[in-house]
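Engineer: Numbering (my numbering), first residue to last: 288 to 627.
1) Does DSSP put residue 514 in a helix, a strand or coil?
2) Compute the Euclidean distance between the alpha carbons of residue 579 and residue 620, then round it to the nearest angstrom.
3) Determine the contact status of residue 310 and residue 297, defining contact as a CB-CB distance below 8 Å.
4) Kindly indicate the opening and closing residues of the beta strand (DSSP E) around residue 406.
5) Rounded to the nearest angstrom, what separates residue 433 and residue 441 at their Cα positions?
6) Would you mind working out which of 593, 507, 413 sits nearest residue 549, comparing C-alpha positions?
7) Leaving out five residues before and five after residue 363 in sequence, what residues of the same chain have Cβ atoms less than 7 Å from its Cβ?
8) Leaving out five residues on either side along the sequence, give the residues of the same chain with a beta carbon under 7 Å from the beta carbon of residue 539.
9) Report yes if the CB atom of residue 455 is closer than 8 Å to the CB atom of residue 572, and no otherwise.
10) Under the rule that 16 or more other beta-carbon atoms within 10 Å means buried, what is residue 499, buried or exposed?
11) So residue 495 is in the beta strand (DSSP E); what residue range does that whole segment cover?
12) Suppose you measure from the CA of residue 470 to the CA of residue 582; what does that come to, to the nearest Å?
13) Could you check which residue in 436, 405, 293 has the C-alpha nearest to that of residue 457?
14) Quick one: what's got a C-beta closer than 6 Å to residue 488's C-beta in the same chain, skipping five residues either side?
15) Using the rule of at least 16 other Cβ atoms within 10 Å of the residue's Cβ for burial, across every protein chain shown, is residue 453 buried or exposed?
16) Starting from the C-beta of residue 600, find all residues in its chain whose C-beta is less than 6 Å away, skip the five residues before and the five after it, and write them out in chain order.
17) Does the separation of the CB atoms of residue 495 and residue 530 fall below 8 Å?
18) Which of the three DSSP states is assigned to residue 563 in this structure?
19) Between the Cα of residue 588 and those of 563, 615, 314, spot the shortest distance and give me the residue it belongs to.
20) Buried or exposed: which applies to residue 570, given that a residue is buried once 16 or more other Cβ atoms fall within 10 Å of its Cβ?
21) Using alpha carbons as the reference points, say which of 545, 613, 483 lies closest to residue 557.
22) Does DSSP classify residue 669 as helix, strand or coil?
23) According to DSSP, simplified to helix, strand and coil, what is residue 434?
24) Ordered along the chain, which non-local residues of its own chain (more than five positions away) have a Cβ less than 7 Å from that of residue 463?
25) With a threshold of 6 Å on Cβ separation, who are the neighbours of residue 443 within its own chain once the five nearest residues in sequence on each side are excluded?
26) DSSP on residue 582, reduced to helix/strand/coil?
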């Protein structure tokens, strides 16, 4: 990621046709987003940038910016510029030349216009107690979205990556594309794959987030570079468990059948703390649960429920774990003082 002063220098190199291939591709990716176009326009209006060139009276403004986008569509009217006397009135033509000639081996003009067009996003959310199956993305990848979760993704993937945003829990089956990594941004977790199947669980209210790999490989980064497993690659049946409050991650194994059972409407608990199990039950049935006592680490649940209503689940847990619960105004209060 470039800092502000580095973006200014990159822009100057872009105007002067001295960008490397990697730098040019970064500029193209930046311009393909609404945020990037805003940054680009701000840089054009920056006084420090204006001072680099010979004619400050011809500062880039909204008119220049419009000429840039218009000139891309008018390739046949562009004439080659002399690089020793660059003028802002010709910035649009210069950029169009860079795009349409210097890199014509990568893109044809219609593809450039499509590449530079704004990215539109679709956001799908599930309510508590609701689960969505088989959301198909533009690249053929499939997503199963668990309850109380939100998935945000572009209507069409552009550039060198396929990036989506997740809050909650989802299972992904990613179509293989060695040239376009698939990236899931989920809070402080970043998961990158080429083609594989895996589960991501990162609800904001939970202290732990997990990434569990079923097939293929995934590369994971957390929000803090000091984390022990920063930049680690998982192999099948490995699971990363990230403790948000401690900024600590650990690798372990998991039961893939239990972990993905929610896709088949089976509620499972695999040695889970009572507080996190309570969150899962609340999402599953669309209710509110409050614990009356602090949860100890040894108060854990291992169980599986299929076609059970909430009263059946709470009744079973109360009996097996010595819990008591009451329901007041649609809120479940659990007395876990005697949890064993």
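Don't be surprised by glycine CBs; every beta carbon is placed ideally from N, CA and C.
Given the structure is predicted, the values throughout are model-derived calculations rather than measurements.
Structural biologist: By the coordinates alone:
1) For the purposes of this step, residue 514 is taken as the residue at position 227 of the chain shown. Low confidence applies to residue 514: its pLDDT is 47, below 50, so where it sits in the model is not reliable, and the reading given next is rough at best. Three-state DSSP puts residue 514 in coil, outside helix and strand.
2) Here residue 579 is taken as the residue at index 292 of the chain shown, counted from 1. Here residue 620 is taken as the residue at index 333 of the chain shown, counted from 1. So the alpha carbons of these two residues sit roughly 7 Å apart.
3) Counting from one through the chain shown, the residue named residue 310 turns up at place 23. Counting from one through the chain shown, the residue named residue 297 turns up at place 10. Yes, the Cβ-Cβ distance between residue 310 and residue 297 is below 8 Å.
4) For this step, residue 406 is matched to residue 119 along the chain shown. Counting along the chain, residue 406 falls outside any beta strand (DSSP E), and DSSP gives it neither H nor E.
5) Here residue 433 refers to the residue found at position 146 of the chain shown. Here residue 441 refers to the residue found at position 154 of the chain shown. Looking at the two C-alpha atoms, the distance is approximately 20 Å.
6) Stepping through the chain shown from its first residue, residue 549 is reached at position 262. Comparing Cα-Cα distances from residue 549 to each of 593, 507, 413, the minimum goes to 593.
7) Reading the chain shown from its first residue, position 76 is the one you call residue 363. The predicted position of residue 363 is uncertain, since its pLDDT is 37 and thus under 50; a value taken from the coordinates is nonetheless stated next. Excluding sequence neighbours, residue 363 sits near nothing in its chain.
8) Working through the chain shown from its first residue, we reach residue 539 at position 252. Answer for residue 539: 526, 528, listed in chain order.
9) The count along the chain shown starts at 1 and reaches residue 455 at position 168. The count along the chain shown starts at 1 and reaches residue 572 at position 285. Contact flag unset, no.
10) Stepping through the chain shown from its first residue, residue 499 is reached at position 212. It counts as buried.
11) Taking the first residue of the chain shown as 1, we reach residue 495 at position 208. Taken as a continuous stretch (DSSP letters only), the beta strand (DSSP E) holding residue 495 covers 495-502.
12) Residue mapping note: residue 470 aligns to position 183 of the chain shown, counting from 1. Residue mapping note: residue 582 aligns to position 295 of the chain shown, counting from 1. Roughly 35 Å between the two C-alpha positions.
13) The residue you call residue 457 lines up with position 170 of the chain shown. Comparing Cα positions, the closest option is 436.
14) Working through the chain shown from its first residue, we reach residue 488 at position 201. So the qualifying residues of the chain are 456, 497.
15) One-based indexing of the chain shown puts residue 453 at position 166. It counts as buried.
16) Taking the first residue of the chain shown as position 1, residue 600 is located at position 313. Excluding sequence neighbours, residue 600 sits near 592.
17) Residue mapping note: residue 495 aligns to position 208 of the chain shown, counting from 1. Residue mapping note: residue 530 aligns to position 243 of the chain shown, counting from 1. Yes, the Cβ-Cβ distance between residue 495 and residue 530 is below 8 Å.
18) Counting from 1 along the chain shown, the entry for residue 563 is found at position 276. Residue state, collapsed to three classes: helix.
19) In the chain shown, the residue the question calls residue 588 occupies position 301. Selected option, being the one with the closest Cα: 563.
20) To locate residue 570, count along the chain shown from 1; it is residue 283. Flag for residue 570 reads buried.
21) The residue given as residue 557 occupies position 270 in the chain shown. Comparing Cα positions, the closest option is 545.
22) Absent from the model: residue 669. The displayed extent of the chain is 288 to 627, so no value can be given.
23) Here residue 434 refers to the residue found at position 147 when the chain shown is read from its first residue. In this structure, residue 434 counts as coil in the three-state DSSP scheme.
24) One-based indexing of the chain shown puts residue 463 at position 176. Around residue 463: 481, 482.
25) For the purposes of this step, residue 443 is taken as the residue at position 156 of the chain shown. Here the set comprises 425.
26) Stepping through the chain shown from its first residue, residue 582 is reached at position 295. Three-state result, residue 582: coil.
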